[in-house]
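The sequence shown maps to residues 2 to 406 in our numbering.
Heads up, the beta-carbon is just placed ideally off N, CA and C, and yes, glycines get one too.
Down below is the structure, laid out as structure tokens.
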Amino acid sequence: MNNAQTSPRFDALDNLRALMMWLGIVLHVAVNHITTVSPLPWRDPKTSPVADLLLLFIHSFRMPVFFVLAGFFAALLAERRGADGMLKNRSLRLALPFAVFWPPLFVLTAMLSMVYIHLTVRGVPGFDRALTPARQPGGSPFNTMHLWFLYQLFWLCVLAWAGLRLRLRLRRFVPARLCDAVARGFALLAQRRLGFLALALPLALMGSFYPSGIVAGSGSFLPPFAEWVQSGLFFVFGWCLHGPREHLLPLFAARCKSHALAGLAFFIATVVLLGAVRGGTALPLPWPHPAFWIAFAYNATSWLWSLALIGGFMRYVPHRNAALAYLSQSSYWVYLVHMLGTIGFGILLFNASFGALAKMGLNIAATSLVALASYELLVRYTPIGTLLSGRRVTRARRGLPASAG
């Protein structure tokens with residue numbers, strides 16, 4: 002989702018971004034089989050605690066990493082092309098694909114969802130408008146679905162553009178040192194070993210207003226304030242990371258193992274606290290407000306694993322080979338269409354006699370293969386591929402590295 006030329010130093014970040022996009026398939030297949038209350042109105046009859054754990058695990062770092070990298074590459078674009086150039090690029094890479102693909106994807110996803118809901122409720126395929134999920138009073142029948150990331154990211158880039166323009170106007174009256182205070186503060190927290198605690202605190206406050214302590218995406222065209230804080234803080238962190246990148250990226254690489262282990266400790270704490278709340282048992286805590294402490298542990302995990310993944314890819318996957326280039330090229334298309342596969346194959350596997358884990362594996366494999374085949378046959382060398390990558394890919398150039406996203 003970024004057509005700026007990628008420096009070898011940033012191939013690692015592009016590799017990481019592609020992996021996070023592909024993990025969307027695993028995440029949305031797991032939702033079909035969770036044992037707890039589902040955020041979606043359908044469910045496969047075969048469930049597994051492994052799906053619960055997998056969903057929580059991937060969700061804890063996937064979108065945080067996305068927004069950190071999005072902020073980083075937006076700052077890179079602003080440095081190279083200026084504020085207006087950055088906004089133009091983001092409009093072409095984010096807003097335009099959203100405007101083009103959201104309408105057909107919304108219709109197709111809604112139709113498949115209704116069939117899946119019919120299966121869930123009545124055990125047979127069908128389509129009954131009476132089973133349409135109830136909306137909140139005054140709520141819209143439309144939502145951004147899984148494309149909420151594109152939607153929110155574009156508006157965050159608009160806010161970044163406005164901030165850059167305002168900063169230029171304020172330079173006459175406000176010292177540059179004061180304008181840079183926020184960036185310096187984020188850089189200081191990033192290099193401190195316990196800085197993640199301060200970064201997790203505002204997100205824990207937002208999460209404390211949710212029953213489970215975790216801010217759940219609404220998919221609304223007017224997202225609540227908590228969702229903007231959740232996404233925006235990671236985006237701003239990524240933006241501020243771009244300036245001192247020569248110092249911070251190697252630091253993250255050196256600390257990737259310790260960040261990963263510390264994140265694991267907080268993730269285990271999150272699982273234990275969630276289990277206590279959902280199991281109806283008394284929390285083994287001498288203080289109230291369990292949602293806050295769940296949110297704090299969960300967001301500490303998000304920060305630590307985001308830093309661990311960025312550092313780990315800088316250290317262990319710093320360059321791109323042909324396979325990684327292809328996965329990066331195809332990842333945007335896969336992100337757009339994968340929900341059709343996870344729902345469609347979920348319908349086909351609904352009455353299969355396999356266990357939950359076997360169904361998950363088959364759905365993940367089938368969705369991945371169909372998404373890749375559709376990319377190769379329908380997208381890669383077509384105007385759709387040009388729209389998504391920002392450049393035309395011809396068969397003579399297929400061995401060349403992908404653009405940055």
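Item, Value
"Who are the near neighbours of G313 in its chain, counting only those whose CB is closer than 6 Å to its CB and skipping five residues on each side?", "C257"
"Exposed or buried, which one is A283 when buried takes at least 16 other CB atoms within 10 Å?", "Confidence is the limiting factor: at A283 the pLDDT is only 44, short of 50, which leaves the residue's position unreliable, though a coordinate-based value still follows. Burial call: exposed."
"Taking only three categories from DSSP, how would you classify D129?", "coil"
"Quick one: using the 10 Å Cβ neighbour count with 16 as the cut-off for buried, is Y336 buried or exposed?", "buried"
"Applying the 10 Å Cβ sphere with the 16-neighbour rule, what's the burial state of F226?", "exposed"
"Could you check what DSSP says for S332 in three-state terms: helix, strand or coil?", "helix"
"Determine the burial state of L331: buried for a count of at least 16 other Cβ atoms within 10 Å of its Cβ, exposed for fewer.", "According to the sequence displayed, residue 331 carries Ser and not Leu. So S331 ends up on the buried side."
"Where does S303 sit, in a helix, a strand or coil, going by DSSP?", "helix"
"What residue range is occupied by the uninterrupted alpha helix (DSSP H) comprising P319?", "First-last for P319: undefined, no H or E at that position."
"When DSSP labels each residue in this structure, what does P291 get in the three-state scheme?", "helix"
"Within 10 angstroms of its Cβ, does F74 collect 16 or more other Cβ (buried), or is it exposed?", "buried"
"Can you tell me whether R392 is buried or exposed, with buried defined as 16 or more other CB within 10 angstroms of its CB?", "exposed"
"Does the region 56-68 come close enough to the region 352-372 to have 3 or more Cβ pairs within less than 8 Å?", "no"
"Report all residues from its chain with a CB closer than 7 Å to the CB of A298; omit the five preceding and five following residues, and keep chain order.", "F267, A270, T271 and L274"
"Use the C-beta contact count for A296: other C-beta atoms within 10 angstroms, 16 or more gives buried, fewer gives exposed.", "buried"
"As an exercise, report each continuous beta strand (DSSP E) stretch of at least 3 residues that is fully enclosed by the region 21-85, in chain order.", "none"
"Kindly indicate which three-state DSSP category T145 falls into: helix, strand or coil?", "coil"
"In chain order, what residues of the same chain lie with their CB nearer than 8 Å to the CB of G196, ignoring the 5 residues before and after it?", "L189 and L190"
"If you follow the alpha helix (DSSP H) that Y117 is in, where does it begin and where does it stop?", "L97 to R123"
"Excluding the five sequence neighbours on either side, which residues of its own chain have a C-beta within less than 8 Å of the C-beta of F143, listed in chain order?", "F107 and F222"
"Looking at the ligand COA, does it come within less than 6 Å of F197, judged from the CB to the closest heavy atom?", "Absence of the ligand COA from the depicted structure is noted, as is the absence of any ligand whatsoever, leaving it without description."
"How many angstroms separate the CA atom of S259 from the CA atom of A100?", "42 Å"
"Give the straight-line distance between the Cα atoms of L407 and R396, rounded to the nearest whole angstrom.", "Outside the displayed span of the chain (2 to 406) sits residue 407, for which this structure offers no information."
"Is it the case that the Cβ atoms of A19 and S329 are separated by a distance below 7 Å?", "yes"
"Measuring alpha carbon to alpha carbon, tell me which of A357, I344 and A367 ends up nearest P42.", "I344"
"Going by other Cβ atoms of all chains shown within 10 Å of its Cβ, with 16 needed for buried, is V32 buried or exposed?", "buried"
"Within 10 angstroms of its Cβ, does R381 collect 16 or more other Cβ (buried), or is it exposed?", "buried"
"In three-state terms, what does DSSP make of P134?", "coil"
"Are the C-beta of G233 and some C-beta of chain B separated by less than 7 Å?", "The displayed structure is made up of one protein chain only, and chain B is not part of it."
"Can you tell which of N300, A255, L113 and L95 has the C-alpha that lies nearest to the C-alpha of F58?", "N300"
"What do you reckon, are the CB atoms on P50 and T36 nearer than 7 Å?", "yes"
"Taking L56 as the reference, which of A76, H29 and R81 has the closest Cα?", "H29"
"Using three-state DSSP, classify G276 as helix, strand or coil.", "helix"
"Can you tell me the Cα-Cα spacing of V122 and H339, whole angstroms?", "24 Å"
"Less than 7 Å between the beta carbons of L157 and F235, yes or no?", "no"
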